[in-house]
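Visitor:
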Amino acid sequence: MAPERFFLELSPPDASLKTLPHVVIVGGGFAGLRACHRLIGKPVRVTLIDKRNFNLFQPLLYQVASGLVSEGDVASPLRQMVGHAPNVQILLGEVEAIDPKAKEVVFNDRRYVYDHLILAAGSGSSYFGHEEWRAAAPPMKILEHADEIRRRVLMALEEAEQTPDPSRRKVLQTVAVIGGGPSGCELAGSLNELMRHTIGRDFKQLNPEDTRIVLVDPGDRVLRAMDPSLSQAAGHQLEAKGVELMLGARVQQIENGAVVVGLKQTDGSVVTRTLEAATVCWTAGVRASHLGTLLAKATGCEADRGGRVVVQPDFSIPGFPEIRVVGDLCSYSHTADGKPLAGMAGPAVQMGGWVAKDIMAKLAGETAGPFRFTDFGTMAVIGPMTAVADLRGLRVSGQLGWLMWGLAHLAFMPEMENRFSLLLKWLWQIATRERSSLLITGRHDQHLGVEVGLERRELSELDSDQTATQTATGTTSS
Ligand SMILES: Cc1cc2nc3c(=O)[nH]c(=O)nc-3n(C[C@H](O)[C@H](O)[C@H](O)COP(=O)(O)OP(=O)(O)OC[C@H]3O[C@@H](n4cnc5c(N)ncnc54)[C@H](O)[C@@H]3O)c2cc1C
4 MAPERFFLEL
14 SPPDASLKTL
24 PHVVIVGGGF
34 AGLRACHRLI
44 GKPVRVTLID
54 KRNFNLFQPL
64 LYQVASGLVS
74 EGDVASPLRQ
84 MVGHAPNVQI
94 LLGEVEAIDP
104 KAKEVVFNDR
114 RYVYDHLILA
124 AGSGSSYFGH
134 EEWRAAAPPM
144 KILEHADEIR
154 RRVLMALEEA
164 EQTPDPSRRK
174 VLQTVAVIGG
184 GPSGCELAGS
194 LNELMRHTIG
204 RDFKQLNPED
214 TRIVLVDPGD
224 RVLRAMDPSL
234 SQAAGHQLEA
244 KGVELMLGAR
254 VQQIENGAVV
264 VGLKQTDGSV
274 VTRTLEAATV
284 CWTAGVRASH
294 LGTLLAKATG
304 CEADRGGRVV
314 VQPDFSIPGF
324 PEIRVVGDLC
334 SYSHTADGKP
344 LAGMAGPAVQ
354 MGGWVAKDIM
364 AKLAGETAGP
374 FRFTDFGTMA
384 VIGPMTAVAD
394 LRGLRVSGQL
404 GWLMWGLAHL
414 AFMPEMENRF
424 SLLLKWLWQI
434 ATRERSSLLI
444 TGRHDQHLGV
454 EVGLERRELS
464 ELDSDQTATQ
474 TATGTTSS
């Protein structure tokens, strides 16, 4: 007989789990997944709630956006990763509210009780008060964003291939990447390689020399969080490969196909420039999940300007020791220099692991040692086999930097299968300069509406074809 299931009441299948403390983790990203892993096999009942059914390795999203690897290479189903553990229950749903007094989270119209809550809902993108720019300049935070960027770039190239007007072709071959941080540099470098080399070979009408990848940033250097020597190396390498750096440029307006920037001059004045680009991508701003603000309202705890919850040394919030906030959603400044830890994968993983350990220690009536973050360094890929890396003061760039970057990312990738598929695709790309995932996918009604010609014509043709078919057959689609 099949074992009794427990979907309706969401209680644990095994009676022995019912008496155990219940740890609810919201978010199966870097922080939440690590906490979950640490609690496997421990005397607690764990529920991991995520609005997606997979864990996403965000640092490689730019490779999906530029067709180097595909979605499945950078994401893995949570059930496959931790669902096998007898004390772990995975539930798909978006947590919409938290009731800290009743110790409940609300998702899928259901109230769900916890003894310990780990909030690890991460962050999204911010347009600094200009949400209207989002449609014209997609961010790069989730898989669908990376798909959208790839689709826009490839659709623009498909249109360019059929456009007789040379000036229009140049616009179609132009990409503006907003934000000169690691994500912006990586995306710009990878799209540059895609458009100049791969497409230059496969498109008969296009001149790779007409390709323009413009990296726009208001600062005076790219990768401002890194040492100036590495910023300089990254800037030079990007420019050597053909990426145009537009520094000192603050975005004033984004419309379909155009970015208006205020460009700072050497005398301090600002001149306005319009950059025409068929594809515009946004990597500039980050804002913590709205759960941070919700929690602040419900508990009176502090949230910073970016919506991050200001946490205590054990990642709890004042008055609620059972609520821990980790990863991008928290602002943790109990550090040697008092600066908050960066919203990066390394801190998120270490926070998630420590909090799980601390919960278990407290349940056993003990105390875990204080949280100490180990900084392994920062890295950014600039192009094929080129990266800059700062490993605790050891600064390298070029091929050695890329080798370190590759090894670190493979080691960090949670699933073995993905490590192999990525390694294979990277080696294949190095050997052949071919990309395996240059597919234009996505339904028309999910698109964000950039004017790239072919898509509109196809859509209208499809619509008229469908109408003609329906008229002929007397059917309608549901
Ligand atoms: C393009 C890009 C490149 C990056 N590159 C690097 C890099 O090279 N190196 C580096 O160290 N860091 C990098 N980062 C940052 C790093 O990915 C984040 O710091 C890290 O993902 C934070 O981990 P987290 O667990 O806090 O959140 P996430 O990994 O974002 O996970 C949050 C999870 O919570 C879920 N969730 C959100 N809201 C809800 C809700 N209401 N209910 C249920 N589930 C919810 C989400 O679906 C997600 O699974 C990059 C980020 C991006 C976007």
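Per the numbering used here, the sequence shown starts with residue 4, numbered consecutively. Idealized CB from N, CA, C, for every residue including glycine.
Roughly how many angstroms lie between the CA atoms of HIS119 and ILE326, to the nearest whole one?
Guide: Taking the straight line joining both Cα atoms gives about 6 Å.
Visitor: Residues in its own chain within less than 6 Å of VAL455 by CB, not counting five upstream and five downstream?
Guide: In this predicted model, VAL455 has a pLDDT of only 47, less than 50, meaning its place in the structure is not dependable enough to derive any value.
Visitor: Below 8 Å, how does it come out for the region 81-89 and the region 30-44: are there three or more Cβ pairs, yes or no?
Guide: At 8 Å Cβ cutoff, the stretches touch.
Visitor: Taking all protein chains shown into account, decide if ARG311 is buried (16 or more other Cβ within 10 angstroms of its Cβ) or exposed.
Guide: ARG311 comes out buried.
Visitor: Counting Cβ pairs closer than 8 Å, one from the region 69-89 and one from the region 427-435, do we hit at least three?
Guide: Touching, yes.
Visitor: Compute the minimum distance between the beta carbon of ALA414 and the heavy atoms of ligand 1, and state whether it is under 6 Å.
Guide: Result no, Cβ not under 6 Å from ligand 1.
Visitor: Tell me the DSSP bridge mates of THR381?
Guide: Paired residues: ASP393.
Visitor: Excluding sequence positions up to five away, which residues of its chain have a Cβ less than 6 Å from the Cβ of GLN402?
Guide: Excluding residues within five positions, the ones whose Cβ falls inside 6 Å are MET388.
Visitor: Pull up the DSSP beta-bridge partners for VAL29, would you.
Guide: For VAL29, which the question treats as bridged, DSSP gives the partners ILE52 and LEU122.
Visitor: Output the distance between the C-alpha atoms of LEU11 and VAL49, rounded to the nearest integer angstrom.
Guide: Low confidence applies to LEU11: its pLDDT is 43, below 50, so where it sits in the model is not reliable enough to give any reading.
Visitor: Determine the direct distance from the alpha carbon of VAL399 to that of ALA301, and round the result to whole angstroms.
Guide: Roughly 46 Å separates the two Cα atoms.
Visitor: Could you check what DSSP says for PRO417 in three-state terms: helix, strand or coil?
Guide: Three-state result, PRO417: coil.
Visitor: With respect to the alpha helix (DSSP H) encompassing LYS360, which residues constitute its N-terminal and C-terminal limits?
Guide: Here the alpha helix (DSSP H) through LYS360 covers 348-366.
Visitor: Specify whether the region 274-281 and the region 201-221 touch according to this definition: at least 3 beta carbon pairs, one from each stretch, less than 8 Å apart.
Guide: Taking 8 Å as the limit for Cβ pairs, the verdict is that the region 201-221 does touch the region 274-281.
Visitor: How long is the line joining the alpha carbons of ALA287 and ARG154, rounded to whole angstroms?
Guide: Each residue's Cα considered, the two are about 20 Å apart.
Visitor: Excluding sequence positions up to five away, which residues of its chain have a Cβ less than 7 Å from the Cβ of ILE257?
Guide: Excluding residues within five positions, the ones whose Cβ falls inside 7 Å are TRP136, ALA139, ALA140 and VAL283.
Visitor: Hey, is LYS342 close to ligand 1, as in C-beta under 6 Å from one of its heavy atoms?
Guide: LYS342 Cβ: outside cutoff for every heavy atom of ligand 1.
Visitor: How would you label LYS21, buried or exposed, when you count the other beta carbons within 10 angstroms and need 16 or more for buried?
Guide: Counting Cβ neighbours within 10 Å, LYS21 comes out exposed, since fewer than 16 surround it.
Visitor: How is ALA163 classed by DSSP in three states: helix, strand or coil?
Guide: In this structure, ALA163 counts as helix in the three-state DSSP scheme.
Visitor: Can you give the Cα-Cα distance for MET416 and ALA359, rounded to whole angstroms?
Guide: Cα to Cα, the separation comes out at about 20 Å.
Visitor: Taking DSSP as the reference, what is the three-state secondary structure of PRO321?
Guide: Here PRO321 sits in coil by DSSP.
Visitor: Under three-state DSSP, which class holds LYS267?
Guide: If DSSP states are grouped into helix, strand and coil, LYS267 belongs with the strands.
Visitor: Heavy atom of ligand 1 less than 6 Å from the Cβ of ARG171, yes or no?
Guide: Checking the Cβ of ARG171 against ligand 1 gives no.
Visitor: Give the secondary structure of ASP223 by DSSP, where H, G and I count as helix, E and B as strand, and everything else as coil.
Guide: In this structure, ASP223 counts as coil in the three-state DSSP scheme.
Visitor: For LEU209 and VAL174, I'd like the C-alpha separation in whole angstroms.
Guide: Straight-line Cα distance between these residues: approximately 12 Å.
Visitor: For SER19, count neighbouring C-beta atoms within 10 Å of its own C-beta (all shown protein chains included) and say buried if the count is 16 or more, exposed if not.
Guide: That one is exposed.
Visitor: Any heavy atom of ligand 1 closer than 6 Å to the Cβ of ARG55?
Guide: The answer is yes for ARG55.
Visitor: Could you give the DSSP three-state label for ARG375: helix, strand or coil?
Guide: Of the three classes helix, strand and coil, the one that applies to ARG375 here is coil, per DSSP.
Visitor: Rounded to a whole number of angstroms, what is the C-alpha to C-alpha distance between MET419 and PHE60?
Guide: Near 13 Å, if we compare the C-alpha coordinates of PHE60 and MET419.
Visitor: Assuming MET249 is part of the beta strand (DSSP E), what are its boundary residues?
Guide: Start and end: 246-250.
Visitor: Going straight from the alpha carbon of HIS239 to that of LYS207, what length do you get?
Guide: Cα-Cα distance, rounded: 30 Å.
Visitor: Cβ atoms of ALA291 and LEU344: under 7 Å apart, would you say?
Guide: Cβ distance not < 7 Å, so LEU344 and ALA291 don't count as in contact.
Visitor: When DSSP labels each residue in this structure, what does PRO185 get in the three-state scheme?
Guide: Helix at PRO185.
Visitor: For the alpha helix (DSSP H) that contains ALA291, what are its first and last residues?
Guide: Unbroken run through ALA291 is the beta strand (DSSP E), 289-291; no alpha helix (DSSP H).
Visitor: In angstroms with no decimal places, state the Cα-to-Cα distance between ASP17 and ALA78.
Guide: Taking the straight line joining both Cα atoms gives about 30 Å.
Visitor: Let me know the secondary structure DSSP gives LEU20 once reduced to three states.
Guide: Helix.
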